[in-house]
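*Asks:*
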Amino acid sequence: MKSSPWWKEATIYQIYPRSFFDSNGDGEGDLQGITSKLQYVQELGVDAIWLSPFYTSPNKDGGYDVADPRDVDPRFGNLEDAKQLIEVAHSLDLKVLVDVVPNHFSDQHIWFQQALKAGRGSPERARFHFHDPKEDGTPPNNWISLFGGPSWTQVEDGQYYLHLFDSSQPDLNWENPDVVSDYEITLRFWLDLGVDGFRIDVAHGLVKENLLTNHPDPQGISDALRLDVSMDPEIRYALLPTVPYFDRQGVHEIYRQWRKIFDSYKDREIMAVAEAWVHPPVNATRYVRSDELHQVFNFDLLDAPFKSDFLFEVVNRSIELMDSVGALPTWALSNHDSPRVASRIGEVQARALALFVLALPGSAYVFAGQELGLPDGVIPDSSRQDPIYFRTNGVQKGRDGARVPLPWSGDNAPFGFTTGNPWLPLTDAWKELTVEKQTADPKSTLNLYRTALKLRADHLNSQGPITWLESPEHGARGSNLLAVRRGSVSIYMNLSDSAVEVEITGRLLIVSAGTVDGRDGKMTIPPVSTIWVHH
Ligand code: GLC
Ligand code: CA
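Here the sequence shown is numbered in my numbering, starting from 1 and rising by one per residue.
1) List, from N- to C-terminal side, the beta strand (DSSP E) runs of 3 residues or more that fit wholly inside the stretch 280 to 350.
2) In this structure, how does DSSP classify Val511 when only helix, strand and coil are distinguished?
3) In chain order, what are the residues with a CB under 5 Å from some non-hydrogen atom of ligand 2?
4) Assuming Ala58 and Ser168 make a contact with CB atoms under 8 Å, what is their CB distance in whole Å?
5) Between Phe297, Ser290, Lys454, which has its C-alpha nearest Ala284's C-alpha?
6) Around the C-beta of Asp300, are 16 or more other C-beta atoms found within 10 angstroms, so that it is buried, or is it exposed?
7) Can the beta-carbon of Val273 be found closer than 8 Å to that of Arg248?
8) When we look at the beta-carbon of Glu275 and count the other beta-carbons within 10 Å, is it buried (16 or more) or exposed?
9) Please report the residue range of the beta strand (DSSP E) in which Val502 lies.
10) Since Asn103 and Leu212 should fall inside the 8 Å C-beta cutoff, what is the C-beta to C-beta distance between them, to a whole number of angstroms?
11) Taking just the CA atoms, how far does Gln396 sit from Lys540?
12) In the structure shown, what three-state DSSP assignment does Gly148 receive?
13) Anyone know if the C-beta pair for Met493 and Leu509 falls short of 8 Å?
14) Taking 7 Å as the line, does the beta carbon of Phe165 fall inside it for any heavy atom of ligand 4?
15) Rounded C-beta distance between Leu433 and Gly506? I'm assuming under 8 Å.
16) Tell me whether the beta-carbon of Val484 lies closer than 8 Å to the beta-carbon of Ile466.
17) Since Arg259 is in the beta strand (DSSP E), which residue starts that stretch and which ends it?
18) Looking at ligand 1, does it come within less than 7 Å of Gly62, judged from the CB to the closest heavy atom?
19) Indicate the three-state DSSP secondary structure (helix, strand or coil) for Thr439 in the structure shown.
20) DSSP on Trp50, reduced to helix/strand/coil?
21) Using the three-state DSSP reduction, which class does Arg485 fall into: helix, strand or coil?
22) So does the stretch 90 to 105 actually touch the stretch 1 to 16, counting three or more Cβ pairs closer than 8 Å?
23) Whole angstroms is fine: what's the gap from Ser122's alpha carbon to Gly158's?
24) Would you identify the three-state DSSP class for Leu162, choosing helix, strand or coil?
25) Starting from Pro69, trace the beta strand (DSSP E) both ways and give me its first and last residue.
26) Can the beta-carbon of Leu558 be found less than 8 Å from the beta-carbon of Ala368?
27) Is Trp468 helix, strand or coil when you go by DSSP?
28) Mind pulling the alpha helix (DSSP H) runs of 4 or more residues that sit fully within the stretch 103 to 140?
29) Given that a residue counts as buried once 16 or more other Cβ atoms are within 10 Å of its Cβ, and exposed if not, what is Tyr237?
30) Three-state secondary structure (DSSP) at Asn494?
31) Taking the alpha carbon of Asp311 as the point to measure from, which residue in Gln385, Asp107, Trp468 has its own alpha carbon closest?
32) Go ahead and pull the three-state DSSP assignment for Lys83.
33) By the 10 Å Cβ neighbour count, where 16 or more other Cβ atoms means buried, how is Glu371 classified, buried or exposed?
34) Work out the CA separation of Asp26 and Thr419 for me, nearest whole Å.
35) Does the distance between the C-beta of His131 and the nearest non-hydrogen atom of ligand 1 fall short of 7 Å?
36) Put Thr418 into one of helix, strand or coil per three-state DSSP.
Below, the structure written as structure tokens:
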């Protein structure tokens, strides 16, 4: 059963266009490639796709450096291809979300080029954050870019501009009315083309405070904000609330205005999901107040260890927080910015966790390739593309590992992804992971996802809240078991390396790995596995 509105308990499949499927042999995925594989996406059983950026871009940050937010980059195709993709998706009953990147433009956007020419004090510069140096010639403050290095770059006449990310991504000044109105045009542009909503990049970043004041620990906050930098959690959580450029109150006014635009489209249920890394976690609820956005990403599972007490906390907290504003949580195990879950916690663990999470209330995001159990790609330094790698002089390897193209078919890399040279190398070691092989194997991760998504739609969607049966706080043996009841389904996740016997009667719907032994009102849950049982 579909939830109503559609997004409430949707499964949303994230496609990184460059890595999905290449239709013309140039080694990079493209819109026609995606369209040609939408049937695959539909058969997976998801409700919607979210497309990472495919807009005109010099591609310094995987397309999150947008030079024209209302056009398609030639490497991905053209606007006709985008229209076609949306139409085909809709004909397959898939909703389409596109990414918008309102925190910054590319330095190749015409506005930035004009700002460079127009000079200090000009209205063109006022669309960005241009400031004079300090008296000693250094940048206006000491903030550090999230990709490493200073977050200010100097232009020819001596002024500096702010970029929280790469120097090719100048931050927009959201106090400038041109910025506000241009973004409305962009939103309407894509809505008029037929999309069903947006994923809002760096949604918490648009408004800055203390722009000309130094922070006491600029490197610390920059590291604390990054999942791929390991840090003592206590230190991280002490630093996060002090970040002066994220999660300022002013961002909410922007989303209230956007919501009015969304609601003016009466023919569709438009939805928008915020990428908002905020701390403390309760702040996330502000983004989904009834006159703001519809969903906010929950990043807690992207770096959660496979430990029952930790997962119990995350699940409870996420549900309770969102409930306080009448919203449902979202769940994501992987995305294009973080290590793939199969590499991070292990392949079998990733299957168990996915099956647990897919049973929970709310929306589940699946990053393309996750359904194949893909690990991170192994990438030689000479092939790296992520600006993080270059801006940190190779100290941080960056996010390319999660962005390796999908293996579709055949026995050798690049497994049908392209007839040319893939933009990031695939490895022959992925031979058993192709869509083709996994389709044929009933025990594959792909078939686990397919079956789980179908069962989720049949038995779990719109079934209301969960009740804990076993958890560290509800008497779980050895604290290695998490179990919830939702509607007429019980979900058990055994995190331990040995089988666990539980008393359950009912019909086994699915198991994430291994074989369940069931008799006399008991079931034996295999090591590191999740089961769903129907009563
Ligand atoms: C978001 C995107 C990431 C990008 C950054 C800057 O975090 O998910 O890929 O690099 O914004 O736009
Ligand atoms: Ca291509």
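Ideal Cβ placement from N, Cα and C applies to all residues, glycine included.
*Replies:* Concretely, from the data shown:
1) Here the runs fully enclosed are 330 to 332.
2) For Val511, the secondary structure class from DSSP, reduced to helix, strand or coil, is strand.
3) Cβ-based neighbours of ligand 2 within the cut-off: Asp22, Asn24, Asp26, Glu28, Asp30.
4) Position check: residue 58 holds Pro in this sequence, whereas Ala was assumed. Right, the Cβ-Cβ distance comes to about 7 Å (below 8 Å), so this counts as a contact.
5) The residue with the shortest Cα to Cα distance from Ala284 is Phe297.
6) Under this definition Asp300 is a buried residue.
7) With a cutoff of 8 Å on beta-carbon distance, Val273 and Arg248 are scored as not near each other.
8) Per the 10 Å Cβ criterion, buried.
9) Run containing Val502: 500 to 503, per the beta strand (DSSP E) assignment.
10) Actually they do not touch by this definition, with Cβ atoms about 19 Å apart.
11) Only positions 1 to 535 of the chain appear in the structure, and residue 540 is not among them; the question remains open.
12) The answer is coil: DSSP assigns Gly148 none of H, G, I, E or B.
13) Not a contact, by the Cβ cut-off of 8 Å.
14) The ligand content of the structure shown is limited to ligand 1 and ligand 2, which means ligand 4 is not among them.
15) No, Leu433 and Gly506 are not in contact; Cβ-Cβ is about 33 Å, not under 8 Å.
16) Judged by beta-carbon spacing, Ile466 lies within the 8 Å limit of Val484, meaning their Cβ atoms are closer than that value.
17) Counting along the chain, Arg259 falls outside any beta strand (DSSP E), though it belongs to the alpha helix (DSSP H) covering 250 to 263.
18) Relative to ligand 1, the nearest heavy atom lies less than 7 Å away from the CB of Gly62.
19) In the three-state reduction of the DSSP assignment, Thr439 falls in the helix class.
20) Taken through DSSP and simplified to helix, strand or coil, Trp50 comes out as strand.
21) In the structure shown, the three-state DSSP call for Arg485 is strand.
22) Segment contact: the stretch 90 to 105 against the stretch 1 to 16, three or more CB-CB distances shorter than 8 Å; contact assigned.
23) Whole-angstrom Cα-Cα distance: 15 Å.
24) Annotated three-state conformation of Leu162 is strand, per DSSP.
25) 68 to 72 is the span of the beta strand (DSSP E), which, as asked, contains Pro69.
26) Only positions 1 to 535 of the chain appear in the structure, and residue 558 is not among them; the question remains open.
27) It is a strand residue.
28) Segments of the alpha helix (DSSP H) lying fully in the stretch 103 to 140: 110 to 118.
29) Exposed.
30) Strand at Asn494.
31) Note that residue 311 corresponds to Leu in the displayed sequence, not to Asp. Distances from the alpha-carbon of Leu311 to those of Gln385, Asp107, Trp468 put Trp468 closest.
32) Helix, per DSSP.
33) Under this definition Glu371 is a buried residue.
34) In this model, Thr419 and Asp26 are separated by some 8 Å (Cα to Cα).
35) For His131, the shortest separation between its Cβ and any heavy atom of ligand 1 does not lie below 7 Å.
36) Note: Thr418 maps to coil in three-state DSSP.
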